[in-house]
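J.: Just so you know, the protein sequences line up as chains H and G, in that order.
The first sequence begins at 0 in numbering that gives the first Met the number 0 and counts up by one.
The second sequence begins at 0 in numbering that gives the first Met the number 0 and counts up by one.
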Amino acid sequence: MLIITRRPGEKIMLGDDTVIEVIEVSGSSVRIGIDAPRSLPVYREEIWRSVKEENAAAASADPDVLPDDLPVTK
Amino acid sequence: MAVTLNSTRFGEVEIPEEAVIEFPHGLIGLGGNRYTLLARSDDAAFVWLHSLDDPALALPLTNPWRFFDSYEVEIADDEASRLGIESTEDTAVYVTVRAAESLEDFSANLRAPILVSNGLGHQVINQAPDAPVRAPLFPANVEERAA
Numbered sequence: 000m001l002i003i004t005r006r007p008g009e010k011i012m013l014g015d016d017t018v019i020e021v022i023e024v025s026g027s028s029v030r031i032g033i034d035a036p037r038s039l040p041v042y043r044e045e046i047w048r049s050v051k052e053e054n055a056a057a058a059s060a061d062p063d064v065l066p067d068d069l070p071v072t073k
Numbered sequence: 000m001a002v003t004l005n006s007t008r009f010g011e012v013e014i015p016e017e018a019v020i021e022f023p024h025g026l027i028g029l030g031g032n033r034y035t036l037l038a039r040s041d042d043a044a045f046v047w048l049h050s051l052d053d054p055a056l057a058l059p060l061t062n063p064w065r066f067f068d069s070y071e072v073e074i075a076d077d078e079a080s081r082l083g084i085e086s087t088e089d090t091a092v093y094v095t096v097r098a099a100e101s102l103e104d105f106s107a108n109l110r111a112p113i114l115v116s117n118g119l120g121h122q123v124i125n126q127a128p129d130a131p132v133r134a135p136l137f138p139a140n141v142e143e144r145a146a
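1) Would you say residue 95 of chain G reaches chain H, if we count a Cβ-Cβ gap shorter than 7 Å as a contact?
2) Short check: CB of residue 136 of chain G to CB of residue 66 of chain G, under 7 Å?
3) Suppose the cutoff is 8 Å on Cβ atoms and the five residues either side in sequence are ignored; what does the same chain contact list for residue 56 of chain G look like?
4) Mind listing, in chain order, the continuous beta strand (DSSP E) runs of no fewer than 3 residues lying wholly within the region 8-90 of chain G?
5) So does the region 11-23 of chain G actually touch the region 41-59 of chain H, counting three or more Cβ pairs closer than 8 Å?
6) Using DSSP with H/G/I as helix, E/B as strand and the rest coil, what is residue 54 of chain H?
7) From the DSSP output, in three-state form, read off residue 96 of chain G for me.
8) What is the DSSP secondary structure of residue 44 of chain H, reduced to helix, strand or coil?
9) Would a C-beta distance cut-off of 7 Å place residue 9 of chain H and residue 21 of chain H closer than the cut-off?
10) Return the residue from the list H/64, H/42, H/31, H/37 that minimises the CA-CA distance to residue 11 of chain H.
11) Starting from residue 102 of chain G, trace the beta strand (DSSP E) both ways and give me its first and last residue.
12) Quick check on the DSSP output: the beta strand (DSSP E) that includes residue 25 of chain H runs from which residue to which?
13) Output the distance between the C-alpha atoms of residue 81 of chain G and residue 37 of chain H, rounded to the nearest integer angstrom.
14) Mind the definition here: the region 127-135 of chain G touches the region 99-113 of chain G only if three or more C-beta pairs lie below 8 Å; say whether that holds.
15) Starting from residue 82 of chain H and walking both ways along the beta strand (DSSP E), at which residues does that stretch end?
16) Across the region 16-30 of chain G and the region 39-47 of chain G, are there enough close Cβ pairs to call them in contact, namely three or more that are closer than 8 Å?
17) Would you kindly report the start and end of the unbroken beta strand (DSSP E) that includes residue 122 of chain G?
18) For residue 62 of chain H, would you say it is in contact with chain G, using Cβ-to-Cβ distances shorter than 7 Å as the test?
19) Nearest to residue 120 of chain G by alpha carbon, out of G/54, G/20, G/46?
20) Name, please, each residue of chain H whose Cβ falls closer than 9 Å to the Cβ of residue 100 of chain G.
What follows is the structure, encoded as structure tokens:
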């Protein structure tokens, strides 16, 4: 992993189009600004990971365990 | 031009061109850019989002409002414009389903709904506060079975 020291207001370029800026450091929190092309989705890693896990779990489904037509139980 | 899907789950299925959904960014962690929706009937509780590139890749989805009356999807305006979603009326909303041996272990991912609009699909992160990644689909069944 590349490790770079930056101060608030300083930026990092990922390629020509994606800018990561350290906005503010306060205690153990860092506020980061990300300016990325519209085609590049940006996620918080823990959310990305949990969604990735759910997608993988969903994709392992066997059609036989899914009820065909459920009565709506409301 | 129709596409022939040779699904490991469902066998050979002809997919008309207009039923192909492009996912420019794939599904989170799964990739794949071309999918289609398969259903056993028009009012089936679950539909399958099936990859057209991987014959073994398919996820069951459901209409969230079928199970969660008060479900809301919130995405930021700039995110909506990034995705090319202009109105909610012509956008279909689905959530992925985690299936299990018993119904009480079924859950839906309310945090990352799949939006389909004009032949384009996106899995988005829902900003609404009450949107768990694993929302039980059949909580009532737990009581029924215990009784």
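Note that CB positions come from ideal geometry on N, CA and C, so glycine has one too.
The structure displayed is predicted, hence computed values, not measured ones.
T.: According to the data block:
1) Looking up residue 95 of chain G in the second sequence gives position 96. Residue 95 of chain G has a beta carbon lying within less than 7 Å of a beta carbon in chain H.
2) Along the second sequence, one-based indexing puts residue 136 of chain G at 137. Along the second sequence, one-based indexing puts residue 66 of chain G at 67. For residue 136 of chain G and residue 66 of chain G, yes; Cβs fall inside 7 Å.
3) By 1-based counting over the second sequence, the position of residue 56 of chain G is 57. 29, 31, 49, 50, listed in sequence order.
4) For the region 8-90 of chain G, whole beta strand (DSSP E) runs of length 3 or above, ordered along the chain, are 10-14, 33-37, 46-50, 57-61.
5) No, they do not touch.
6) Here residue 54 of chain H refers to the residue found at position 55 when the first sequence is read from its first residue. Under the three-state reduction of DSSP output, residue 54 of chain H falls in the helix class.
7) Counting from 1 along the second sequence, the entry for residue 96 of chain G is found at position 97. In the displayed model, residue 96 of chain G falls within a strand according to three-state DSSP.
8) Locating residue 44 of chain H in the first sequence gives position 45, counting from the first residue. If DSSP states are grouped into helix, strand and coil, residue 44 of chain H belongs with the helices.
9) Counting from one through the first sequence, the residue named residue 9 of chain H turns up at place 10. Counting from one through the first sequence, the residue named residue 21 of chain H turns up at place 22. Yes, the Cβ-Cβ distance between residue 9 of chain H and residue 21 of chain H is below 7 Å.
10) Residue mapping note: residue 11 of chain H aligns to position 12 of the first sequence, counting from 1. Residue 11 of chain H has its Cα closest to that of H/31, out of H/64, H/42, H/31, H/37.
11) Here residue 102 of chain G refers to the residue found at position 103 of the second sequence. Run containing residue 102 of chain G: none; DSSP gives neither H nor E here.
12) Walking along the first sequence from the start, residue 25 of chain H turns up at place 26. Residue 25 of chain H: member of the beta strand (DSSP E) spanning 17-25, first to last residue.
13) Position 82 of the second sequence, counted from the first residue, corresponds to residue 81 of chain G. Position 38 of the first sequence, counted from the first residue, corresponds to residue 37 of chain H. Roughly 6 Å separates the two Cα atoms.
14) Contact between the region 127-135 of chain G and the region 99-113 of chain G is present, with at least three C-beta pairs closer than 8 Å.
15) As shown, chain H starts at 0 and ends at 73. That puts residue 82 of chain H outside it, with no answer to give.
16) Note that the region 16-30 of chain G does not touch the region 39-47 of chain G; fewer than 3 beta-carbon pairs, one per stretch, sit closer than 8 Å.
17) Counting from one through the second sequence, the residue named residue 122 of chain G turns up at place 123. From DSSP, the beta strand (DSSP E) with residue 122 of chain G extends over 119-122.
18) Walking along the first sequence from the start, residue 62 of chain H turns up at place 63. With a threshold of 7 Å between beta carbons, residue 62 of chain H makes contact with chain G.
19) Here residue 120 of chain G corresponds to residue number 121 of the second sequence, with the count starting at 1. Comparing Cα positions, the closest option is G/20.
20) Within the second sequence, residue 100 of chain G is the residue found at index 101, counting from 1. Near residue 100 of chain G (Cβ distances below 9 Å), the residues of chain H are 64.
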